[in-house]
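Going by the numbering used here, the sequence shown opens with residue 1, and the numbers climb by one from there. Beneath this line is the structure, given in structure tokens, with notes to follow.
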Amino acid sequence: MENKPVLKVENLTKHFSVKGGRKVVHALDDVSFEIPKGKTLGLVGESGCGKSTCAKTIIRIHEPTSGKVYINDTDISTMRQKELKPYRKHIQMIFQDPYSSLNSRMTVHDIIAEPLQAHNIASGKTATEMVHDILFRVGLNRDHADRYAHEFSGGQRQRIGIARALILKPDIVICDEPISALDVSIQAQVVNMLKDFQTEMGLTYLFIAHDLSMVRYVSDVVGVMYLGRLIETCDAAEIYTSPLHPYTQGLLSSIPIPSPKAAREKISVGIQGDIPSPIDLPPGCRFSTRCPKSMPICKEQEPAMLDAGGSHCVACHLYNK
Ligand code: SF4
């Protein structure tokens, strides 16, 4: 039977008015993707490419300018906050900075139990038992429940953030750079824990990171974003060996290679220059100001996202036959 998407995003767009409404920040433009149950989409791109705006627009921290967000076939993009509440427990978020996302004046118990009470799922002794259970499952223990966030290391704080996200048994978890702020030695532990929870609970992940190496071991499909647009999507196994978009090729070539011999043999197609302002977008392809393969048409027409064969979809005139 076909594995239906648990999360589907259609033409999602988020613009912010600035300078008294005279200018528009194109934070997110026309982004579409879907994630089947139990799978992971890794979303990557430089800072400011719109990946975190995408996450916040999906969960309605930002209101979408246009486009749709479906959770299990239900469009939540235009629901009023009251209608939205029951759907919020299906989609939870793990944030990049576990310290600022945890209330410093609440105990760990209260932080993790809060969503249970907000959704009328459990309170009192039952809620406490559920908190102790999830603490154990993220590698902490019941003694940690009475402490405050500042008493923990960065890795432990991220475990608390994961416990808070998972206590509601969501269908979808948006992981917004969950390992970027952690020591390298802790990153693998957190990734492995997230993978174990995915297998155990059938979770569907949108996993956001700023470089391709971070999503390599967690993603089934990888999406690459540039200046608010999705510019390439592909099965994770294929994107690392056969990237099509010049920007994806540049991102991959900037990943350090541990072997000096392999590094010497690697052909660098690094990305030059700075990312343009999302207020003054370049005409045509948004990557044309930095692309080593830019052609005249690239400065005139914005390329559409097209099927490029295999599992690839790419927005680039090089493949627009
Ligand atoms: Fe480069 Fe042109 Fe492709 Fe844009 S459309 S990535 S400028 S070749």
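Just so it is clear, CB atoms sit at the ideal spot from N, CA and C, and this is done for glycine as well. All figures in this text were calculated on a predicted structure; none of them were measured in a lab.
Is it the case that the Cβ atoms of residue i and residue j are separated by a distance below 8 angstroms?
| i | j | result |
| --- | --- | --- |
| His312 | Ser47 | no |
| Ile275 | Leu227 | yes |
| Ile35 | Leu206 | yes |
| Gln96 | Glu177 | yes |
| Val224 | Ala236 | no |
| Pro243 | Leu252 | yes |
| Asn11 | Ser66 | yes |
| His62 | Lys8 | no |
| His150 | Ser213 | no |
| Gly405 | Gly42 | The displayed coordinates of the chain run from 1 to 321. Any statement about residue 405 would go beyond what the structure contains. |
| His26 | Leu281 | yes |
| Leu182 | Gly139 | no |
| Ser32 | Ile208 | no |
Residue i to residue j, Cα distance in whole Å?
| i | j | result |
| --- | --- | --- |
| His144 | Val108 | 7 angstroms |
| Thr126 | Pro115 | 13 angstroms |
| Ser101 | Cys291 | 37 angstroms |
| His119 | Val24 | 36 angstroms |
| Ile112 | Leu135 | 9 angstroms |
| Ala55 | Thr204 | 14 angstroms |
| Ile174 | Thr40 | 10 angstroms |
| Glu232 | Thr248 | 8 angstroms |
| Cys285 | Gln301 | 6 angstroms |
| Arg157 | Cys298 | 45 angstroms |
| Ile71 | Gln189 | 29 angstroms |
| Asn3 | Lys85 | 26 angstroms |
| Arg137 | Thr74 | 31 angstroms |
| Asp133 | Asn141 | 8 angstroms |
| Cys49 | Ser277 | 10 angstroms |
Helix, strand or coil for residue i, going by three-state DSSP, please let me know.
| i | result |
| --- | --- |
| Ala262 | Confidence at Ala262 is low in this model, with a pLDDT of 49, below 50, so its placement is unreliable and no value can be given for it. |
| Gln272 | coil |
| Met68 | Looking at the sequence provided, one finds Lys at residue 68 rather than Met. Strand, per DSSP. |
| Tyr319 | helix |
| Glu10 | strand |
| Phe197 | helix |
| Thr78 | coil |
| Val131 | helix |
| Phe136 | helix |
| Gln92 | strand |
| Val190 | helix |
| Cys234 | strand |
| Ala122 | coil |
| Asp146 | helix |
| Arg22 | coil |
| Pro5 | strand |
| Ile267 | A caution first: Ile267 carries a pLDDT of 42, below 50, which makes its placement in the model unreliable, though a value can still be read off. In this structure, Ile267 counts as coil in the three-state DSSP scheme. |
| His210 | coil |
| Ile162 | helix |
Within 10 angstroms of the Cβ of residue i, are there 16 or more other Cβ atoms? Answer buried if so, exposed if not.
| i | result |
| --- | --- |
| Val18 | exposed |
| Tyr217 | exposed |
| Ile279 | exposed |
| Asp171 | buried |
| Ser153 | exposed |
| Arg22 | exposed |
| Ala163 | buried |
| Gly273 | exposed |
| Gly20 | exposed |
| Asp146 | exposed |
Is residue i near the ligand SF4, going by C-beta to nearest heavy atom under 7 angstroms?
| i | result |
| --- | --- |
| Ser294 | yes |
| Tyr247 | yes |
| Ser288 | yes |
| His317 | yes |
| Pro36 | no |
| Pro303 | yes |
| Cys371 | Nothing can be reported for residue 371: it is not among the residues displayed for the chain, which extend from 1 to 321. |
| Cys54 | no |
| Cys175 | no |
| Leu285 | Position check: residue 285 holds Cys in this sequence, whereas Leu was assumed. Answer for Cys285: yes, Cβ within range of the ligand SF4. |
| Cys234 | no |
| Cys49 | no |
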